[in-house]
Amino acid sequence: MTNDIILETRGLTKEFKGFTAVDDVNLRIRRGTIHALIGPNGAGKTTVFNLLTKYLIPTHGQILFNDKDITRVEASAIARQGLVRSFQISAVFPKLTVLENVRVALQQREGISFHFWKSERVLDRLNERAEQLLDDVGLLSFAHVSTVDLPYGRKRALEIATTLALEPEMLLLDEPTQGMGHEDVDRIADLIKCVSANRTILMVEHNLHVVSKLADQITVLQRGAVLTEGDYATVSADPRVKEAYLGVSADEPEEPDNTTSDNASDKESGEAIV
Ligand SMILES: Nc1ncnc2c1ncn2[C@@H]1O[C@H](COP(=O)(O)OP(=O)(O)OP(=O)(O)O)[C@@H](O)[C@H]1O
Ligand SMILES: [Mg+2]
860 MTNDIILETR
870 GLTKEFKGFT
880 AVDDVNLRIR
890 RGTIHALIGP
900 NGAGKTTVFN
910 LLTKYLIPTH
920 GQILFNDKDI
930 TRVEASAIAR
940 QGLVRSFQIS
950 AVFPKLTVLE
960 NVRVALQQRE
970 GISFHFWKSE
980 RVLDRLNERA
990 EQLLDDVGLL
1000 SFAHVSTVDL
1010 PYGRKRALEI
1020 ATTLALEPEM
1030 LLLDEPTQGM
1040 GHEDVDRIAD
1050 LIKCVSANRT
1060 ILMVEHNLHV
1070 VSKLADQITV
1080 LQRGAVLTEG
1090 DYATVSADPR
1100 VKEAYLGVSA
1110 DEPEEPDNTT
1120 SDNASDKESG
1130 EAIV
């Protein structure tokens, strides 16, 4: 594949009853990069994410994945093409063990019939692969723990493992560190870095500390439109970005869920980007 751009949007627009939540957004996500979508509250990040993952249908515009127009393709079909939203399969069944959850995801990937599953050798092979995935996300020692008993941050790691079981070429992550304490934030950030090898990642992330640490490229949204793009140093130095954040943080208090970092200046407030 010679095309450097794995995911592209052209004129992506979403209107809700006359209100334009996403306004003519042109994204170009380079293959093999970690790309972050940021912006103040109400900027349209979640709506863009939901358009990309087919939870919403755009009012106008196109989405191309590996040069193919996927605007009208269903979520399950794009997952088979390699574009996977984390947590979309919500394959964390609380009563199953951590290992069993990954096995279910692997089974889903392979579309293995129940009959086929009866073979001991197949089960062994799946167990090996599941253990490998758990090891990759630092959960091997939790393999036989009931998922319901996992701490929150570990559940997110498990969700990433079940997503990786689908062998995605590109992963879409919606606020992967939301609601976490700083230890978990750092662990999930390291994990994202780790799983980004040979993959492309697009993430919506409020925690600018995480964005600064991980993102190769950042798109800043404001009122549904792209305000600017670039690496962290470039966008954080942009006065329009500072203004966009300060403008919002001045009259909107932060949500407690997003107070995820160990340092007050790292929160999703204006200070973090200044
Ligand atoms: N289903 C909907 N119907 C009507 N308006 C909507 C709908 N979904 C989102 N909006 C509006 O679109 C705008 C963008 O919302 P969106 O949730 O995409 O923002 P966001 O950047 O994710 O914000 P946050 O940082 O608070 O998560 C907001 O003004 C929101 O009220
Ligand atoms: Mg949102």
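Residue numbers are given in my numbering: position 169 of the sequence shown equals residue 1028, and the series is strictly consecutive.
Positions of the beta carbon are idealized from the N, C-alpha and C atoms, including for glycine.
Source: prediction; values computed, not measured.
| task | Could you pull the start and end residues of the alpha helix (DSSP H) that K873 belongs to? | result | Not the alpha helix (DSSP H): K873 falls in the beta strand (DSSP E), residues I864 to F875.
| Within 7 Å: the Cβ of K904 and any heavy atom of ligand 2? | yes
| task | Taking 8 Å as the cut-off, decide whether the C-beta atoms of G870 and G920 are in contact. | result | yes
| With 16 other CB atoms within 10 Å as the buried threshold, where does L1204 fall? | A query on residue 1204 cannot be resolved here, the shown segment of the chain reaching from 860 to 1133 and no further.
| query | With a Cβ-Cβ cutoff of 8 Å, do A1084 and D883 count as a contact? | reply | yes
| said: I'd like to confirm something about G877: is its beta-carbon nearer than 7 Å to some heavy atom of ligand 1, or not? | reply: no
| message | Quick check on F908: buried or exposed, where buried means 16 or more other Cβ atoms within 10 Å of its Cβ? | response | Its Cβ being crowded by 16 or more others within 10 Å, F908 is buried.
| task | Spatial neighbours of T906 within its chain, please: CB distance less than 7 Å, with the 5 preceding and 5 following residues excluded, ordered by chain position. | result | K873, A880, V881 and L915
| message | Report the start-end ranges of each alpha helix (DSSP H) in the stretch 1034 to 1121 that is 4 residues or longer and not cut off at the edges. | response | Within the stretch 1034 to 1121, the complete alpha helix (DSSP H) runs of at least 4 residues are 1041 to 1054, 1067 to 1073, 1091 to 1095 and 1098 to 1110.
| request: May I ask you to check if the CB of G898 is nearer than 7 Å to at least one heavy atom of ligand 1? | output: yes
| Member of A1074, V996 and V1069 whose CA lies at the smallest distance from the CA of Q1037 | Comparing Cα positions, the closest option is V1069.
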